[in-house]
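Novice: Before I ask anything, let me first share the structure, which is written out below as structure tokens.
Numbering (the working numbering), first residue to last: 128 to 324.
This is how it looks when you write it as structure tokens:
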């Protein structure tokens, strides 16, 4: 049993969803499952009831969750006390669209702030056209974008994830009855999309 396994267990227990937990932990879902299986094997108990697509904590899982939270709090305290003046401090400025911020950032901010309470997070908007200059001059430290068509000299770019594209419409729309939509079907439709430069 190690802290990483317990942290994985804690996130799965909070999300009750292995896929969502894997996304939050930036791990493959198979790795998350392996961490949980390792804990269950070592403790000799089932921590989750898996019924179809539903996941629920067992009684043993509920007990372990309480301890996992305490260990997480103690880990943060150890970092703060032992690291002393070397503990990470400063600010991190992030540029991202409001759409991403609303969906993903609340939990990310909470976890980051718990691990690095000495770091102040700043969020700003700037156009994609100014992005390279904003990064090179240090106005922003990180940019999160909704695109896969981006090349910039002297900028380190990493693709984090792919999200499915879903069409939403009124029930009366001609395309609403279809089970799947081809991009060509949207050619003459009025679309509401996130703003891009």
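We put the beta carbon where it would ideally sit given N, CA and C, even for glycine.
What did DSSP end up calling residue 305 once you bin it into helix, strand or coil?
Specialist: Residue state, collapsed to three classes: coil.
Novice: Evaluate residue 318 with the Cβ neighbour count: other Cβ atoms within 10 Å of its Cβ, from every protein chain shown; 16 or more gives buried, anything less gives exposed.
Specialist: The residue in question, residue 318, is exposed, as its Cβ has fewer than 16 Cβ neighbours within 10 Å.
Novice: Contact defined as beta carbons within less than 8 Å: I believe residue 220 pairs with residue 266. What is the distance between those atoms, to the nearest angstrom?
Specialist: At roughly 7 Å, the Cβ-Cβ gap stays under 8 Å, so residue 220 and residue 266 are in contact.
Novice: Hey, how far is the Cα of residue 284 from the Cα of residue 257?
Specialist: If you take the alpha carbons of residue 284 and residue 257, they lie about 16 Å apart.
Novice: Within its chain, find whatever has a CB closer than 8 Å to the CB of residue 142; leave out the 5 residues flanking it on each side and keep chain order.
Specialist: So the qualifying residues of the chain are 148, 151.
Novice: Can you name, in chain order, every residue of its own chain whose Cβ lies under 8 Å from the Cβ of residue 212, other than the five neighbours on each side?
Specialist: Its pLDDT being 47, under 50, residue 212 is placed unreliably by the model, and nothing is read from it.
Novice: So, is residue 135 buried or exposed, given that buried needs 16 or more other C-beta atoms within 10 angstroms?
Specialist: Buried, because 16 or more other Cβ atoms sit within 10 Å of the Cβ of residue 135.
Novice: State buried or exposed for residue 195, treating a residue as buried only when at least 16 other CB atoms are found within 10 Å of its CB.
Specialist: By the 10 Å Cβ count, residue 195 comes out buried.
Novice: When burial is assigned at 16 or more other CB atoms within 10 Å of the CB, is residue 270 buried or exposed?
Specialist: By the neighbour-count rule (16 or more Cβ atoms within 10 Å), residue 270 is buried.
Novice: Find the nearest neighbour of residue 241 within the set 131, 199, 251, judged by alpha-carbon distance.
Specialist: Nearest option by C-alpha distance: 199.
Novice: Quick one: what's got a C-beta closer than 8 Å to residue 167's C-beta in the same chain, skipping five residues either side?
Specialist: Within the same chain, residue 167 has close Cβ partners 173, 174.
Novice: Can you tell me the Cα-Cα spacing of residue 153 and residue 162, whole angstroms?
Specialist: Each residue's alpha carbon lies about 14 Å from the other.
Novice: Would you kindly work out how many angstroms separate the C-alpha atoms of residue 300 and residue 273, rounded to a whole number?
Specialist: Distance between the alpha carbons of residue 300 and residue 273: 27 Å.
Novice: Within the segment 193–256, note down every full beta strand (DSSP E) run reaching 3 residues or more, in order along the chain.
Specialist: With a minimum length of 3 residues, the continuous beta strand (DSSP E) runs that stay inside the segment 193–256 are 217–222, 246–251.
Novice: Once DSSP output is grouped into helix, strand and coil, what is the label at residue 181?
Specialist: If DSSP states are grouped into helix, strand and coil, residue 181 belongs with the strands.
Novice: Straight-line CA distance for residue 249 to residue 218?
Specialist: Taking the straight line joining both Cα atoms gives about 7 Å.
Novice: For residue 246, which residues from the same chain have a beta carbon less than 7 Å from its beta carbon, with the 5 sequence-adjacent residues on both sides left out?
Specialist: Here the set comprises 215, 216, 217, 218, 219.
Novice: Using the rule of at least 16 other Cβ atoms within 10 Å of the residue's Cβ for burial, across every protein chain shown, is residue 91 buried or exposed?
Specialist: With the chain running from 128 to 324 in the structure shown, residue 91 is simply not present.
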